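Okay, so here's the structure we're looking at.
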Amino acid sequence: MYKKTLILVFVFLLTGTVYSIPAENNILERERLQYGKEYIVTGKINDISGIGEITVKPDVIITNFELTTEAATLEKASEENAKSMNELKKYLLSTGVKENDIETSRYSKGEKVEEKFKDEKSNIYKTAFQVIITMENDKFYSVTDILNKENIIELKNINSDYRKNFYFAIESFDKNRETSRKLAKEKYDRIESALKKLGVQDVSIFNYNVQETKETEKKKTYTITHAFKVKMKSSVDMGKLLKKCETLRIKNPGSMIYDISEELRTKATMEAYEKAMNNLYEKARIIIKNRGYELGDVTIWDRTQSGRDYMPLPAPAVMMNQRGINASYYIEETEAESADIPFSAAQEMKITARVSGSFDIINKIK
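Using the working numbering, the letters of the sequence shown correspond one by one to residues 556 to 921.
See the structure below:
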């Protein structure tokens, strides 16, 4: 029994030796294929970093151009705005800007009402009655219908504690004081009569005022605002472009951002990686310099993406702070032709690539 057990143990040990020898042989065989029979791997250099930096001049500018046009009608405002913006677009295309690099970033319509004095010397009298009524909620909309017929568009609750009490104002204007008072009283009488027919019996004037003022008129204007976002080459003469915008009364309301095109970015990135690899090998060679060793194969991993440091450093934006320009302003042609707009060159930008690696250290067999 003892003899049989000893034989089994011997067979097991022998089997283990048979399997371990090929693994060592495989490593040695791989190293011979890599470096030849004259070299052996004696160690490793781990985690060496290489950095490559490329400086480029921005070749792209991204900015906005905006025009707000005012006119007596919406159609007129739209027509004038489109005419100027189309002329700007034609000019941009003539400088080499591509059609798909001009896009509308904003388009809006608006209107405003301005109240102005008709004549500084023209006096007018304004008579105002403030009227209070008491009514049930179910009559609210019927009351507003009566008020609308007299051009009264506001009916307010006096106090939340008195929910049935409401008030509104009656106003009348005339160049004669007594006529102004008479018109206000006639309007009140019409409203009071209509309210009582509706069943609102509690109607009374609680405030009365006559004052002298200036005669005014209301003027309604319409606006169209259209903005272009434009991507152009940095070689475009921005001075001439801005002068063109001035003649068209178009403003540059935001900032001008410098950037680099995809073509330039790709080219600069490859150059940065090449410099990073050269830097990596240079560092490794210095480490083993004067020691009689040589560099073997390298295992590379890219730190650029994981470290998020592969991006161009942003150049300072150029802020174009201009006053608002619309259709009511005019620029003298001679002044626009003679004045130059100085425009400084963009600052350089940097692209950085980082790589890391581990090297085999090899030595000749003596």
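For every residue, glycine included, the Cβ atom is placed at its ideal position computed from N, Cα and C. All figures in this text were calculated on a predicted structure; none of them were measured in a lab.
Check your understanding: Per DSSP, A724 is paired with what?
Key -> In the DSSP output, where bridge partners are listed per residue, A724 has Q685.
Practice item. May I ask you to list the residues that DSSP assigns as paired with R661? Key: Per DSSP, the beta-bridge partners of R661 are A782.
**Study point:** Cα-Cα separation between T776 and K667, rounded to whole angstroms
**Key:** Distance between the alpha carbons of T776 and K667 is about 6 Å.
**Study point:** Limits of the beta strand (DSSP E) - the one that D744 falls within
**Key:** Run containing D744: none in the beta strand (DSSP E); it sits in the alpha helix (DSSP H), R732 to L753.
Review point. Is there contact between the stretch 584 to 591 and the stretch 774 to 791, where contact requires at least three CB pairs shorter than 8 Å?
Key: Contact annotation: the stretch 584 to 591 does not touch the stretch 774 to 791, with fewer than three C-beta pairs closer than 8 Å.
Practice item. May I ask which residues mark the beginning and end of the alpha helix (DSSP H) holding N833? Key: Where N833 is concerned, the enclosing alpha helix (DSSP H) stretches over E817 to I843.
Review point. Any heavy atom of the ligand GDP closer than 6 Å to the CB of T623?
Key: This structure lacks the ligand GDP; in fact it carries no ligand of any kind.
Practice item. Starting from the Cα of S660, find the closest Cα among E767, A823 and I617 and give me that residue. Key: When only C-alpha atoms are compared, the closest one is I617.
**Study point:** Start-to-end residues for the beta strand (DSSP E) that takes in S521
**Key:** The structure shown does not extend to residue 521, since the chain is modelled only from 556 to 921, so the question has no answer here.
Check your understanding: How would you write the range of the beta strand (DSSP E) that E608 sits in, first residue to last?
Key -> In this chain, the beta strand (DSSP E) harbouring E608 covers Y594 to V611.
Review point. Mind checking whether T823 and I906 have CB atoms under 7 Å apart?
Key: The sequence given here places Ala at residue 823; Thr does not occur at that position. Contact: yes.
Exercise for review: Specify whether the stretch 722 to 731 and the stretch 703 to 712 touch according to this definition: at least 3 beta carbon pairs, one from each stretch, less than 8 Å apart.
Suggested key: Short answer: they touch.
Review point. Which stretch, first to last residue, makes up the alpha helix (DSSP H) that contains I616?
Key: Boundaries for I616: no alpha helix (DSSP H) harbours it, while the beta strand (DSSP E) harbouring it runs V615 to A626, taken from the DSSP string.
Point to revise | 6 Å CB neighbourhood of K830 in its chain, flanking five on each side removed | key: Cβ neighbours of K830 beyond the five flanking positions: G607.
Practice item. For my contact list, F620 and I805 are in at a C-beta cut-off of 8 Å; report their separation, rounded to the angstrom. Key: I805 and F620 do touch by the CB rule: their CB atoms are close to 5 Å apart, below 8 Å.
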